[in-house]
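Chemist: Be aware that the sequence shown starts at 1, since it is given in UniProt numbering, and climbs by one per residue.
The beta-carbon is built from N, C-alpha and C at its ideal position, and this holds for glycine as well.
In this text the structure is predicted, and so the values were computed from the model without any measurement.
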Amino acid sequence: MLDTYTPNITQKVISMEDLYNKKAVESNDLISSVAKMDKIPLKIFELAVSCLDIENPPKDNAVHISKATLFDFFKVNDNDKHFRFKKALTNLHQQSIFEVKEENEYGKLKYKIISPISSSEWNDFDDNVRIKFTEDIMPYLIDLKRNFTQYLITDIMELNSKYSVILYKWLSMFYNQYEVYKDNGQRREDQLEKLKNPYIDLKELRRITNTVDRYTRFPNFEARVLETATKEITNHTHFNLSYDKVKSGREIVGIRFYIKKVSPKVPLPYKDNSKKAQKSIAETEKEENEIYDNALKSKYVITLVKNDLIESVDILDRRFMVRLSNTIFPLYDTIQKYKGLDGVIEHISYVKSNMIDYDENKKNIIKYLKVSAEDYMKFIKTNNI
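(1) Can you give the beta carbon distance from Q95 to K36, rounded, assuming they're within the 8 Å contact cut?
(2) Do I65 and I14 have their C-beta atoms within less than 8 Å of each other?
(3) Is R256 helix, strand or coil by DSSP?
(4) Looking at the unbroken alpha helix (DSSP H) that takes in N197, where does it start and where does it end?
(5) How far does the alpha helix (DSSP H) with V165 in it reach, from first residue to last?
(6) Using only the alpha-carbon positions, how far apart do V25 and L141 sit?
(7) Would H82 be called buried (16 or more neighbouring beta carbons within 10 Å of its own) or exposed?
(8) Hey, how far is the Cα of N123 from the Cα of N61?
(9) How about L331 and I315: do their beta carbons lie closer than 8 Å?
(10) Can I117 and F74 be called in contact, C-beta distance under 8 Å?
(11) Looking at the secondary structure, which residues open and close the alpha helix (DSSP H) in which E102 lies?
(12) Classify K87: buried if its beta carbon has 16 or more other beta carbons within 10 angstroms, exposed otherwise.
(13) Can you tell me whether DSSP reads L309 as helix, strand or coil?
(14) State buried or exposed for R250, treating a residue as buried only when at least 16 other CB atoms are found within 10 Å of its CB.
(15) Pick helix, strand or coil for I302, following the three-state DSSP scheme.
(16) Going by DSSP, which residues form a beta bridge with R84?
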């Protein structure tokens, strides 16, 4: 059967205001791949990725974005915007290729060339644009248990160079790990320093920016890639960025970046009407850090780990732990009110022993734990026990 577009959809069409605090999540293998596309197609792809609900991924691998959102995201407001919009989507399909390099369990490298977008569809009578991902790209975007990076999509909105986008994602990959490990004692100070101030070999930097055969003289490369990206990332994202050139003899062989995280530089115009946006990103992150720290100390987490319902990689994922704390722990608090802590522990053990399709349910463990706890509370109240 043909995969056809219908305007009367139930899936949410993403508006500009929805993008506040929305994060793109990608496998580190994809972050380190070569994106063979220009700035606009690359940013459309990143925007589409941020619209994916990774906990409940669409069965058709498609996201729905408002045309107005696309115009606002790229600051297009002239009379020619519809033609430019169509041209940008055409370029996305013609140019969007990722060259992915992966390492297997034996340390051997394997290579893939992936076209990430299957189709783009829209019409003249509504505001919806449907962008469908290919089957090959989806494993790099959803159900990621480890080795992934997330970043605010609004951080790349103001970046005008594709090199800035590529470098910002690469830097986020390291800084995210630094934030995870800095307070849990699992990395030495020298290891944390390497994550906060990552080094990259010049040949590898040219590979990921797809400039192996461009700007062959280093001064040109520095001006077009390094200086431009450093300035844009510092001016428009959460990172203050600087770098040093690393030499072997007289030859420049690598770059050492220095990252300092700060509040966003430019307020987003659509935030004024958003109640959710009244909190600064810094305040939100402070709250999430407190929730994360408290979650790590919770007896519920200890019991969930003992029952193999969550894993060590889950504990290192701040976003996962914040959702777990906000969604599940209040339910466990209610169970504890009726049955005590032993009742919660007994319930968790029961949940594990009664998971019929364990691997399938583990893919969305928070949803499974929520349904199980709600059912148990209904049973308690109905039977007055």
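Modeler: This is what the structure gives:
(1) Correct: roughly 7 Å between the Cβ atoms.
(2) Taking 8 Å as the Cβ cut-off, I65 and I14 qualify as a contacting pair.
(3) In the structure shown, R256 sits in a strand (DSSP, three-state: E or B).
(4) No alpha helix (DSSP H) holds N197; DSSP gives it neither H nor E.
(5) V165: member of the alpha helix (DSSP H) spanning 162–181, first to last residue.
(6) Within the model, the alpha-carbon separation for V25 versus L141 is close to 6 Å.
(7) Residue burial is scored here from C-beta neighbours: H82 has fewer than 16 other C-beta atoms within 10 angstroms and is therefore classed as exposed.
(8) In this structure, the alpha-carbon of N123 lies about 19 Å from that of N61.
(9) Cβ atoms of L331 and I315: not closer than 8 Å.
(10) Cβ distance not < 8 Å, so I117 and F74 don't count as in contact.
(11) For E102, no alpha helix (DSSP H) encloses it; the enclosing beta strand (DSSP E) starts and ends at 98–103.
(12) Exposed.
(13) Taken through DSSP and simplified to helix, strand or coil, L309 comes out as coil.
(14) Looking at its Cβ environment, which holds fewer than 16 other Cβ atoms inside 10 Å, R250 is exposed.
(15) Here I302 sits in helix by DSSP.
(16) Looking at the DSSP output, R84 sits in no beta bridge, so it has no partner there.
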